[in-house]
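In this note's numbering, the protein residues as written are 12 to 421. For each residue, glycine too, the CB sits at the ideal point set by N, CA and C. As the structure is a prediction and not an experimental result, all values here were calculated from the model. Here the structure is laid out as structure tokens; the discussion comes afterwards.
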Amino acid sequence: MHSSAVFLIEFGAIILGLGLLGRMAGRLKFSPIPLYLLAGLAFGEGGLLPLGASEEFVAIGAEIGVILLLLMLGLEYTATDLVTNLKTQYPAGLVDGALNALPGAAMALLLGWGPVAAVVLAGVTWISSSGVIAKVLGDLGRLGNRETPVVLSILVLEDLAMAVYLPIVTALLAGAGLAAGSATLAIALGVAGLVLFVAVRYGRLISRFVSSDDPEKLLLVVLGLTLLVAGIAQQLQVSAAVGAFLVGIALSGEVAEGAHNLLSPLRDLFAAVFFVFFGLHTDPASIPPVLLPALALAVVTAGTKIATGYWAARRNGVSAKGSWRAGGTLVARGEFSIVIAGLAVSAGIEPSLGPLATAYVLILVVVGPLTARYTEPVATWLTARRARAAEGPGPAEERLPLAEPVRHER
Numbered sequence: 012m013h014s015s016a017v018f019l020i021e022f023g024a025i026i027l028g029l030g031l032l033g034r035m036a037g038r039l040k041f042s043p044i045p046l047y048l049l050a051g052l053a054f055g056e057g058g059l060l061p062l063g064a065s066e067e068f069v070a071i072g073a074e075i076g077v078i079l080l081l082l083m084l085g086l087e088y089t090a091t092d093l094v095t096n097l098k099t100q101y102p103a104g105l106v107d108g109a110l111n112a113l114p115g116a117a118m119a120l121l122l123g124w125g126p127v128a129a130v131v132l133a134g135v136t137w138i139s140s141s142g143v144i145a146k147v148l149g150d151l152g153r154l155g156n157r158e159t160p161v162v163l164s165i166l167v168l169e170d171l172a173m174a175v176y177l178p179i180v181t182a183l184l185a186g187a188g189l190a191a192g193s194a195t196l197a198i199a200l201g202v203a204g205l206v207l208f209v210a211v212r213y214g215r216l217i218s219r220f221v222s223s224d225d226p227e228k229l230l231l232v233v234l235g236l237t238l239l240v241a242g243i244a245q246q247l248q249v250s251a252a253v254g255a256f257l258v259g260i261a262l263s264g265e266v267a268e269g270a271h272n273l274l275s276p277l278r279d280l281f282a283a284v285f286f287v288f289f290g291l292h293t294d295p296a297s298i299p300p301v302l303l304p305a306l307a308l309a310v311v312t313a314g315t316k317i318a319t320g321y322w323a324a325r326r327n328g329v330s331a332k333g334s335w336r337a338g339g340t341l342v343a344r345g346e347f348s349i350v351i352a353g354l355a356v357s358a359g360i361e362p363s364l365g366p367l368a369t370a371y372v373l374i375l376v377v378v379g380p381l382t383a384r385y386t387e388p389v390a391t392w393l394t395a396r397r398a399r400a401a402e403g404p405g406p407a408e409e410r411l412p413l414a415e416p417v418r419h420e421r
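Structure (structure tokens):
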């Protein structure tokens, strides 16, 4: 069969399957992300029916999916919101780094992998998945919640930290000297700072340039500008996701609203492709040997992410329920963790690091949407149960005055 025909059949089957899985998840009132990942595992390396002709196109679509997810997040907030949140949330970023990077580094050292692998695994466990979390926030209808700016601020701090972290890791893996590593880091910081400065200072001019009454022209200009900035940022060792997010920040007013409406269907399509692609490149046979360490690391760092989100949200005056939601939302790991692990695998640092990172991310990318949905109700139930237990035994009529305030809190 002609290769183009095979490509159309394979890619058409993928899109049709995603639509059916999404419909199933909608009926179950559940995020479709875990189903997309399982579909990728089934048709990837070592799966039931590995793809061939459409794999390269799926890879490109996955990159576009992450970029569009971050662009749509950026459209929700103005440059002023970004600067204000960064100024107020930097302590949360420090706590986030300490609580979530240290377990990964400790695990690598316990396994005897050495200091370079420890730095790599620290990044894998530190960075939450902006792509997964963006999708979950949209699926659960929480973009307007009070705790969401706290979540987004932590994600932005993590993404910006990658502009510093990735050049350092690249230099360590390559065994580069101090001068070469410092030059790479200086370029990355300069580019990230320049993009942020332009977004904050000239956002109105950019919006005026992009603005158009014709939906077709608006879509082409916004999408082209986003891909251009993301590509340049990635070429200069800055995350493409950071570039896309800052493009969204730079657009405001009617332009942002119009772009949001036009790009939402494209985001949903390519985001689904991204999650399938993630599963496609995971061999199920490589997971069992590293499953126990990955599970232990997942349990510990799920707890530290929940603690980070809860502390950060409470610090900003969010209610206890909203704070639990913020913590549960941050649990998922994904695209950045895989990128970091991929660098180490390519450098041949530690053969087991790649499978461990893959198993770890697969666990948390499936668990993340669940913790985002259920952390708050479970925490509320446990709190109410402790409150009832604290009342102590006694006649029902003696406990009656205490029961009403407990029901009011629930």
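From the options, residue whose alpha carbon lies closest to that of residue i
i    : options                : result
V266 : V284, R215, S297, L238 : R215
A145 : W392, V350, T159       : T159
V180 : I165, G142, A133       : A133
G33  : V287, S297, I78        : V287
M118 : L303, A383, A337       : L303
G85  : R336, G359, A252       : A252
Y176 : A358, V350, P380       : V350
G290 : I360, V377, L234       : V377
A305 : L168, L151, L122, S275 : L122
V221 : Y213, S357, V232, R212 : V232
A24  : G235, G51, A400        : G51
S15  : L27, M35, G28, F68     : F68
V211 : L262, S363, A70        : L262
E87  : G320, Y321, A270       : A270
H170 : P126, T95, D107        : In the sequence under discussion, the amino acid at residue 170 is Asp, which differs from the His named in the question. It is D107.
N327 : T95, L120, G235        : T95
S275 : I374, N156, L234, L393 : L234
L205 : L239, L154, L168, A244 : A244
I374 : T394, L19, L49, I26    : L49
D294 : L393, V209, F54, E227  : F54
Q246 : P178, E227, L154       : P178
A185 : V147, A395, S357       : S357
S141 : R157, P126, E74, S223  : E74
Beta-carbon proximity of residue i to residue j, cut-off 8 Å
i    : j    : result
L273 : L229 : yes
A241 : G254 : yes
L183 : S139 : no
A296 : Y371 : no
A323 : A172 : no
E361 : W124 : yes
L105 : S164 : no
I298 : P380 : no
V162 : T340 : yes
S218 : G264 : yes
V130 : I44  : no
L31  : Y47  : no
A368 : A128 : no
V301 : S348 : no
A307 : G320 : no
L39  : R384 : no
6 Å CB neighbourhood of residue i in its chain, flanking five on each side removed
i    : result
G76  : F281, A282, V284, F285
T312 : N111, P114, T136
Q100 : S164
E408 : In this prediction, E408 has a pLDDT of 46, which is less than 50 and means its spatial position is unreliable; nothing more can be read from the coordinates.
7 Å Cβ shell around residue i - same chain, five flanking residues per side excluded
i    : result
R278 : L79, L80, M83
Y213 : none
G37  : none
R157 : V329, G333
L19  : none
Chain D within 8 Å of residue i, Cβ atoms only
i    : result
L163 : As a matter of chain content, chain D is missing from the structure shown, which is built from one protein chain.
Heavy atom of the ligand ATP within 7 Å of residue i beta-carbon
i    : result
K332 : Judged by which ligands are present, the structure shown has none, so any question about the ligand ATP falls away.
Beta-carbon proximity list for residue i, same chain, < 8 Å, skipping 5 on both sides
i    : result
R325 : A331, S334
Exercise for review: Evaluate contact between the region 332-349 and the region 303-319, counting only Cβ atoms and requiring at least three cross-stretch pairs below 8 Å.
Suggested key: The answer is yes - the region 303-319 touches the region 332-349, with three or more Cβ pairs under 8 Å.
**Study point:** Segment contact, 8 Å Cβ cut-off, at least three pairs: the region 324-337 with the region 376-389
**Key:** Judged by Cβ distances under 8 Å, the region 324-337 makes contact with the region 376-389, as three or more pairs qualify.
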